[in-house]
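Let me begin by presenting the structure, written as C-alpha cells, before commenting on it.
Protein chains: 2
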Amino acid sequence: MFSKACEYGIKASIFIALNSYQEKRVSLKAIAKEIASPEAFTAKILQDLARHNIINSVKGAHGGFEINKKQISEIKLEQIVKAIDGDKIYNGCGLGLHTCDENHPCPVHDKFKDIRNDLKIMLETTNLEELALDIKAGASFLKI
Amino acid sequence: MFSKACEYGIKASIFIALNSYQEKRVSLKAIAKEIASPEAFTAKILQDLARHNIINSVKGAHGGFEINKKQISEIKLEQIVKAIDGDKIYNGCGLGLHTCDENHPCPVHDKFKDIRNDLKIMLETTNLEELALDIKAGASFLKI
DNA sequence: TTTATTTCGGATATTTTTATCCTATTTATA
DNA sequence: TATAAATAGGATAAAAATATCCGAAATAAA
Ligand code: FES
Ligand code: FES
Chain A
1079 MFSKACEYGI
1089 KASIFIALNS
1099 YQEKRVSLKA
1109 IAKEIASPEA
1119 FTAKILQDLA
1129 RHNIINSVKG
1139 AHGGFEINKK
1149 QISEIKLEQI
1159 VKAIDGDKIY
1169 NGCGLGLHTC
1179 DENHPCPVHD
1189 KFKDIRNDLK
1199 IMLETTNLEE
1209 LALDIKAGAS
1219 FLKI
Chain B
1079 MFSKACEYGI
1089 KASIFIALNS
1099 YQEKRVSLKA
1109 IAKEIASPEA
1119 FTAKILQDLA
1129 RHNIINSVKG
1139 AHGGFEINKK
1149 QISEIKLEQI
1159 VKAIDGDKIY
1169 NGCGLGLHTC
1179 DENHPCPVHD
1189 KFKDIRNDLK
1199 IMLETTNLEE
1209 LALDIKAGAS
1219 FLKI
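Residue numbers (my numbering), protein chains in the order written: chain A, 1079 to 1222; chain B, 1079 to 1222.
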C-alpha cells in the first residue's frame, strides 16, 4: 500500500511529534531506534520531510528533529504520504492505465474508486496529534 | 496498490475470459498486445496463473490460454491477487509491523483495517464474468 | 578556537521488481 | 515424419526501491 520510505516517514513523524509536545528534540539515531528503521535511509526521508516543511531539522550539537507544537494537530497523514510517495495513490489507476478517467475506466474502476476515496478521506482527516496521543497512551505501537 | 505483475494478471485473465466465452483460445502475443504488457514478462505471470489452476494453458500449434467457461463466474479477483501478490494485502500491517495484530496495533490500525477490509470484500466478491461483460459492452477498457 | 555532535548530501551498494533472451518441449498439420 | 507454431522455464539484464558509506557543513560547549 505505502512504500517502506512512507511507512518510516509516518512513524518517524509520530515519534517526533510525541517528543515535541515535551519540547524535546530527537536525533536521527533515537528515531531510527524507536521505529526500527535503517538509520541512513531514515535520514534521507527526514531530509525530505524537512524540505516539505513538515518537520524541522536542526544541525549541529544538540540538534535533531522537531515539529512546531502548534502545528502537530494540523499536519495530516496526507501531507506525509504526498511528500514521500507522491499522489499516485490518489490519481493512479488500480490496474495501471495511464490515468484514472471516469470516461475511460479500467475494469475495476467503479469498485476501486470508492475504496481509494475512503483511503483518501482517511489520510486527509487523520492528524499527527491523535496518532501521537495513542502512542503516548500505550494504545498503539511504532515497532515489532 | 497492486504490483505490475498483478495488474497484468488481472487484465490478462479478463481478456482470456472474454474469448473463452466464444470458445476462442488466445495466444500470449494477442494477450500482451491487448493489455499493452511486455510479452515475456506476461508469459511468466500466465504460467503462474496456470499453475494455480486459474487459467488453462495449451502448448503447441493452435495452443494458447483459456478458462473453462463454466468457471469464469466463479473466479474471483481475490484468487488472482493471492496467486501473484500473496496475501500481504490481507494480513499485512499498513505501517509495516511484522503482523497486523489487534492486540499490538500500529498507529493507523483502526483506521486502516476498515479500508483494507473493504478492499478484501471487493476482491472476494468481484468475479471475472462481470468484468469481462463490461469490456464486451465497451463500458471499460484494458489499456491506455 | 578547538572539539564533539549532529544533520546534509553526494556516491555507492544491495535487493526486489520488472523485463528480456534463448533453448527446450509440446502439438497440429502438411 | 518433418515443420511450424506455441507455451515452459532457466538465465540474464535493466530499472526501481531500499540501504549504506563517508566527507562536508553547522552548531553548542569546553
Ligand atoms: S481507471 Fe482504473 S481505477 Fe479508475
Ligand atoms: S497493526 Fe498496522 S494495520 Fe494493523
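No residue lacks a Cβ here, since even glycine has one placed at the ideal position from N, Cα and C.
Tell me which residue opens and which closes the alpha helix (DSSP H) that residue 1097 (chain B) is part of.
As a working mapping, residue 1097 (chain B) is identified with position 19 in the second sequence. Taken as a continuous stretch (DSSP letters only), the alpha helix (DSSP H) holding residue 1097 (chain B) covers 1082 to 1098.
Residue 1214 (chain A) versus A:1144, A:1096, A:1089, A:1088, residue with shortest Cα-Cα distance
Counting from one through the first sequence, the residue named residue 1214 (chain A) turns up at place 136. Nearest C-alpha to residue 1214 (chain A): A:1096.
Measure the C-alpha to C-alpha separation of residue 1136 (chain A) and residue 1126 (chain A) and round it to an integer number of angstroms.
For the purposes of this step, residue 1136 (chain A) is taken as residue 58 along the first sequence, with counting starting at 1. For the purposes of this step, residue 1126 (chain A) is taken as residue 48 along the first sequence, with counting starting at 1. Their Cα atoms are separated by approximately 14 Å.
Of the listed residues B:1082, B:1205, B:1190, B:1086, nearest to residue 1200 (chain A) (C-alpha basis)
Against the first sequence, residue 1200 (chain A) aligns to sequence position 122. The shortest Cα separation from residue 1200 (chain A) among B:1082, B:1205, B:1190, B:1086 belongs to B:1190.
Against residue 1184 (chain B), what residues of chain A qualify as contacts under a CB-to-CB distance less than 7 Å, listed in chain order?
Stepping through the second sequence from its first residue, residue 1184 (chain B) is reached at position 106. In chain order: 1218, 1219.
Could you check whether the Cβ of residue 1112 (chain A) sits closer than 7 Å to any Cβ belonging to chain B?
The residue labelled residue 1112 (chain A) in the question sits at position 34 within the first sequence. No, because no Cβ of chain B sits closer than 7 Å to the Cβ of residue 1112 (chain A).
Which of helix, strand or coil does DSSP assign to residue 1154 (chain A)?
Translated into positions along the first sequence, residue 1154 (chain A) becomes position 76. Reduced to three states, the DSSP call for residue 1154 (chain A) is strand.
Would you list the one or two residues that DSSP bridges to residue 1134 (chain A)?
Along the first sequence, read from residue 1 onward, the residue named residue 1134 (chain A) stands at position 56. Beta-bridge pairing links residue 1134 (chain A) to A:1144.
Chain B contacts from the region 1152 to 1172 of chain A (Cβ-Cβ distance under 7 Å):
1172
To which residues does DSSP link residue 1104 (chain A) through a beta bridge?
Taking the first residue of the first sequence as 1, we reach residue 1104 (chain A) at position 26. DSSP output for residue 1104 (chain A) lists A:1143 as bridge partner(s).
By Cβ distance below 7 Å, which residues in the same chain neighbour residue 1220 (chain A) in space, the five residues on each side in sequence not counted?
Here the question's residue 1220 (chain A) lines up with position 142 in the first sequence. Closer than 7 Å at Cβ, skipping near neighbours: 1089, 1092, 1093, 1112, 1113, 1213.
For the alpha helix (DSSP H) holding residue 1199 (chain B), just list the boundary residues, first then last.
In the second sequence, residue 1199 (chain B) corresponds to position 121, counting from 1. Run containing residue 1199 (chain B): 1187 to 1203, per the alpha helix (DSSP H) assignment.
Measuring only the C-alpha atoms, how far is residue 1142 (chain A) from residue 1203 (chain B)?
Taking the first residue of the first sequence as 1, we reach residue 1142 (chain A) at position 64. Taking the first residue of the second sequence as 1, we reach residue 1203 (chain B) at position 125. Spanning the two alpha carbons is a distance of roughly 49 Å.
Give the interface partners of residue 1175 (chain A) over in chain B, defined as CB-CB distance under 8 Å, in chain order.
Working through the first sequence from its first residue, we reach residue 1175 (chain A) at position 97. Neighbours of residue 1175 (chain A) on chain B, chain order: 1219, 1221, 1222.
Which stretch, first to last residue, makes up the alpha helix (DSSP H) that contains residue 1118 (chain A)?
Looking up residue 1118 (chain A) in the first sequence gives position 40. Where residue 1118 (chain A) is concerned, the enclosing alpha helix (DSSP H) stretches over 1117 to 1129.
Please list, in chain order, the chain A residues whose beta carbon lies closer than 9 Å to that of residue 1126 (chain B).
Counting from 1 along the second sequence, the entry for residue 1126 (chain B) is found at position 48. In chain order: nothing, as chain A lies at least about 17 Å away.
Under a CB-based cut-off of 7 Å, is residue 1209 (chain A) close to chain B?
Translated into positions along the first sequence, residue 1209 (chain A) becomes position 131. By this cut-off, residue 1209 (chain A) is an interface position.
Start and end of the alpha helix (DSSP H) containing residue 1214 (chain A)?
Taking the first sequence and counting its residues from 1, one reaches residue 1214 (chain A) at position 136. Start and end: 1206 to 1214.
Take the Cβ of residue 1157 (chain A) as the centre, count every other Cβ of all protein chains shown within 10 Å, and call the residue buried at 16 or more, exposed below.
Position 79 of the first sequence, counting from 1, holds the residue named residue 1157 (chain A). Classification of residue 1157 (chain A): buried, given that the 10 Å Cβ count is 16 or more.
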